[in-house]
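With this note's numbering applied, the sequence shown corresponds to residues 1406 to 1885, in that order.
Worksheet for the structure shown next.
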Amino acid sequence: MQKLLNYINGELVNPVTGNFFENINPAEGKPYSLVPDSGAADVALATEAATRAFAAWSTTPAKNRSVILLKIAALIERDLDQLALAESTDQGKPVALAKALDIPRAAANIRFYATAILHESAHTHFTDNDAINYTQHTPVGVVGCISPWNLPLYLFTWKIAPALAAGCTVVAKPSEITPMTAYLFSRLCVEAGLPAGVLNIVHGYGAKAGQAIVEHAEIKAISFTGGTATGKIIAATAGPMFKKLSLELGGKNPNIIFADCDFEKAVSTSIQSSFANQGEICLCGSRIFVERSLYQKFIEAFTTQTKALVVGDPLNEKTNLGAIASEAHLNKVLSYIELAKKEGGTIIQGGKQVKLSGRCATGYFIEPTVITGLSHTCRTNQEEIFGPVVTIMPFDTEEEALVYANSTPYGLAATIWTENLKRAHRVAAEVKSGIIWVNCWLFRDLRTPFGGMKQSGVGREGGFEALRFFTDEKNVCVKL
Ligand code: NAD
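Listed below in C-alpha cells is the structure:
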C-alpha cells in the first residue's frame, strides 16, 4: 500500500516513530494508502527547519518569492487530472467537481498571492508639518496552517499561499481524513525548487500533530479552518501564548427566498447550495426559508430537482453526489436525520443511506435529504450537520425571516433571493453573517475579505487581509 510521507526540510520523510495509520477511500469504505502518524517530535523537526529557513526566505525579494509560487501554481495546473482524481478518491467528492472547483481554485489561490505580493503598499500619514508616520509590515516568523477535509487542497493552499507570499515559513497539517493531495502538493514543491524548510507538511491526527503545532513556542501565528469545537480548543491553547489567531469555523447558513425572486434561478442554485460536495461545504445553505406565498411551489420544484440528482460512484462523470468523507461522518449525518424525525420533522425527500453495487458496495453514501415541519429553534436547525440535508420552512414577513436567519450561534454565510433591490440591501445589512450572496451562491472574488461572525470564526482571510495576518505591523513616526 502507498505510504505518504511528511515534507520536512525539503525532503519527504517517514514520521519519527515509523508509525502509520490507514487512509480510507470513502467510496469503497476500504483503506488504500498509509498516513504518517506524526507527533510532537515531527513538529519539532519541522519547526526547526522552518526557523532555519526563515532568515533567507523572509528577505528573498518579493519578485523572487512570486516566481517560485507561480511555478508551483503551474505544476498544479499541469497535474490537474491526477490531483482531481486523488482528491475525489481521498474525499469522496465527484471527480468532475474536483476538476472544476477544488484543483483550479488551489492554483488560483497560489497565483493570487504570488501576484498580490508584488502590489502591496503601506499607509503613510503626514501629521501637519510635524511628522511622517508610516506603517511597516514584516513577516511574523514561523506560522502554523491547519486545514479540514471538505475542500482539502483548496483550503490548504488558501492558508499556505498568503503565508509564503508574506515571507513567513510554514508548518502545515492537512486533515488526517484527506491527506493525499497535500502529499502530492509537497512533491510539486520539491519539483518547483522551493528552498528547504520554507514549507513543511506534517501529517497526522489533530489531537496529536495538530495540537503540537498550536503548542509549539516558536510558531508565532495559527491559521485554522475546521469545526467550532476544535477552534475553541485551539483558541484556549494559543490565546495564553499570545499567538496571532485566524479561526474559520462552522456554519448553519440561511438561504432566504422571497416571493419576488427569479424562481428558476433560486431553485436551481439552491440545489447547488444545498447539495454540492454532498453538502460538505461550510458555506452550504442548510436552512431554507421561503416566503409563504411561494412555499408550496418551491417545495414541489425543489424536491423534483433533488430527486433527479444522481448519488453514485465519484469517478462517474454523471454523479452529482459522491461519498460522505468518512464512516464517522456518515453516522453523524444519519443520526441528525433520525433526530429530525424525533423532533417532529417530515422527510419529504431522501433520508436514507444509499447502498451502491460494484466497487462502491461498501462506500458511504446518503440520499440528498429534504425535511419540513421543524421549528427554527430545534437542534436540527441549530447544529451544523455538514451533509446533504436541508430543512425548509415558510415565513410570513421580512422580520420573521431575519429572526429565523439570525437564530443560530453561527454567522458564516447567507443567501438572499429577491428582485427587490432595496430589500436585498436591507436584509443583507441585517443578516449576521460574514458573507452574503444576493441572487447567487459561492461566487468569490479572492480580493474580498472572508470569514465568519459569532461562533463561525475570528479574523478574515482573503485579499490583502490574509497577507497582513502573517505580518507584524508597526507604525514608525519620524519627527520633521
Ligand atoms: P476539525 O475541526 O475536526 O478538523 C480540522 C483540522 O483540525 C484537521 O486537520 C484536524 O486534524 C485538526 N485538529 C483537530 N483537533 C485539533 C487540535 N486539538 N489542535 C490542532 N488541530 C486539530 O474539522 P473537520 O471535521 O476536518 O472539518 C469540518 C468543519 O470545518 C466544519 O465545521 C466546517 O464548517 C468547517 N469549515 C469551515 C470553513 C470556513 O471557512 N469557515 C471552511 C471549511 C470547513
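Beta carbons are placed, not taken as given, at the ideal position from N, Cα and C, and that holds for glycine.
Should the segment 1439-1453 be regarded as contacting the segment 1414-1422, the criterion being three or more beta carbon pairs within less than 8 Å?
In short, these stretches touch, since the Cβ pair count reaches three.
Distance, Cα to Cα, residue 1744 vs residue 1750?
The residue given as residue 1744 occupies position 339 in the sequence shown. The residue given as residue 1750 occupies position 345 in the sequence shown. Approximately 9 Å between the Cα atoms of the pair.
Among residues of its own chain, excluding the 5 on either side of residue 1757, which ones have a beta-carbon nearer than 7 Å to its beta-carbon?
In the sequence shown, residue 1757 corresponds to position 352, counting from 1. Here the set comprises 1772.
Which of the three DSSP states is assigned to residue 1862 in this structure?
Counting from 1 along the sequence shown, the entry for residue 1862 is found at position 457. Correct three-state label for residue 1862: strand.
Using the C-alpha atoms, what's the distance from residue 1688 back to residue 1561?
Translated into the one-based positions of the sequence shown, residue 1561 becomes position 156. Translated into the one-based positions of the sequence shown, residue 1688 becomes position 283. Between residue 1561 and residue 1688, the C-alpha separation is close to 17 Å.
Among the residues of its own chain, which have a CB less than 6 Å from the CB of residue 1825, if the five just before and after it don't count?
Taking the first residue of the sequence shown as position 1, residue 1825 is located at position 420. Taking C-beta separations shorter than 6 Å and ignoring five residues to either side along the sequence, the partners of residue 1825 in its chain run 1665, following chain order.
Let me confirm a value: residue 1657 is counted as buried when at least 16 other C-beta atoms fall within 10 Å, else exposed. Which label applies?
Numbered from its first residue, the sequence shown carries residue 1657 at position 252. Buried.
Supposed contact pair residue 1570 and residue 1579 - C-beta distance, whole angstroms, cut 8 Å:
In the sequence shown, counting from the first residue as 1, residue 1579 sits at position 174. In the sequence shown, counting from the first residue as 1, residue 1570 sits at position 165. Contact between residue 1579 and residue 1570 is absent: CB atoms are separated by about 19 Å, not below the 8 Å threshold.
Give the secondary structure of residue 1765 by DSSP, where H, G and I count as helix, E and B as strand, and everything else as coil.
In the sequence shown, residue 1765 corresponds to position 360, counting from 1. Reduced to three states, the DSSP call for residue 1765 is helix.
Is the separation between the beta-carbon of residue 1710 and that of residue 1672 shorter than 8 Å?
Taking the first residue of the sequence shown as 1, we reach residue 1710 at position 305. Taking the first residue of the sequence shown as 1, we reach residue 1672 at position 267. Remark: C-beta atoms of residue 1710 and residue 1672 approach each other more closely than 8 Å.
Which residues share a DSSP beta bridge with residue 1877?
Position 472 of the sequence shown, counting from 1, holds the residue named residue 1877. 1543.
Got a sec? Which residues, its chain only, sit under 6 Å from residue 1682 by beta carbon, not counting five neighbours each side?
By one-based count along the sequence shown, residue 1682 stands at place 277. Contacts found: 1498.
Residue 1724 beta carbon near the ligand NAD (any heavy atom closer than 7 Å):
What you label residue 1724 is simply residue 319 of the sequence shown in a count that begins at 1. For residue 1724, the shortest C-beta to heavy atom distance toward the ligand NAD is 7 Å or greater.
To which residues of the same chain is residue 1812 closer than 6 Å at the C-beta, ignoring the five residues directly before and after it?
Walking along the sequence shown from the start, residue 1812 turns up at place 407. Cβ-Cβ distances below 6 Å link residue 1812 to 1781 in the same chain, with the five nearest sequence neighbours on each side left out; the list follows chain order.
Below 8 Å, how does it come out for the segment 1520-1527 and the segment 1467-1484: are there three or more Cβ pairs, yes or no?
Yes: the two stretches touch, three or more of their Cβ pairs being nearer than 8 Å.
On the three-pair Cβ rule with 8 Å, is the segment 1859-1866 touching the segment 1642-1662?
They touch, by the three-pair rule.
Nearest-angstrom Cα distance between residue 1842 and residue 1783?
By 1-based counting over the sequence shown, the position of residue 1842 is 437. By 1-based counting over the sequence shown, the position of residue 1783 is 378. Computed Cα separation, rounded: 25 Å.
DSSP beta-bridge partners for residue 1441?
Counted from its first residue, the sequence shown places residue 1441 at position 36. Under the DSSP definition of a beta bridge, residue 1441 partners with 1425.
Just to confirm before moving on: does the CB-CB distance between residue 1767 and residue 1752 stay below 8 Å?
Translated into the one-based positions of the sequence shown, residue 1767 becomes position 362. Translated into the one-based positions of the sequence shown, residue 1752 becomes position 347. At least 8 Å separates the beta-carbon of residue 1767 from that of residue 1752.
When you compare the CB positions of residue 1692 and residue 1529, do they come within less than 8 Å of one another, or not?
Here residue 1692 is taken as the residue at index 287 of the sequence shown, counted from 1. Here residue 1529 is taken as the residue at index 124 of the sequence shown, counted from 1. Against a cut-off of 8 Å, the Cβ pair of residue 1529 and residue 1692 comes out as no contact.
Distance, Cα to Cα, residue 1488 vs residue 1759?
Reading the sequence shown from its first residue, position 83 is the one you call residue 1488. Reading the sequence shown from its first residue, position 354 is the one you call residue 1759. Each residue's Cα considered, the two are about 27 Å apart.
Helix, strand or coil at residue 1516 according to DSSP, with G and I counted as helix:
For the purposes of this step, residue 1516 is taken as the residue at position 111 of the sequence shown. Helix.
Quick check: does the Cβ of residue 1610 come within less than 7 Å of any heavy atom belonging to the ligand NAD?
The sequence position of residue 1610 within the sequence shown is 205, counting from 1. Yes; taking the cut-off as 7 Å, the Cβ of residue 1610 has a heavy atom of the ligand NAD nearer than that.
Residue of 1883, 1407 and 1433 minimising C-alpha distance to residue 1718
In the sequence shown, residue 1718 corresponds to position 313, counting from 1. Per the Cα distances, 1433.
Compute the distance between the beta-carbons of residue 1480 and residue 1409, then report whether it is under 8 Å.
Taking the first residue of the sequence shown as position 1, residue 1480 is located at position 75. Taking the first residue of the sequence shown as position 1, residue 1409 is located at position 4. Contact: no.
Between residue 1631 and the rest of its own chain, which residues show a CB-CB distance below 6 Å, the 5 nearest in sequence each way excluded?
If you number the sequence shown from 1, residue 1631 lands on position 226. Listed in chain order, the non-local C-beta contacts of residue 1631 below 6 Å within the same chain comprise 1553, local neighbours out to five positions each way being set aside.
Of all the CB atoms in chain D, is at least one closer than 8 Å to the CB of residue 1776?
Considering every chain present, this structure includes no chain D. It has just one protein chain.
Which of the three DSSP states is assigned to residue 1742 in this structure?
Residue mapping note: residue 1742 aligns to position 337 of the sequence shown, counting from 1. DSSP places residue 1742 in helix when its eight states are reduced to three.
Is any heavy atom in the ligand NAD found nearer than 7 Å to the beta carbon of residue 1663?
Counting from one through the sequence shown, the residue named residue 1663 turns up at place 258. No, since every heavy atom of the ligand NAD falls outside the 7 Å radius drawn around the Cβ of residue 1663.
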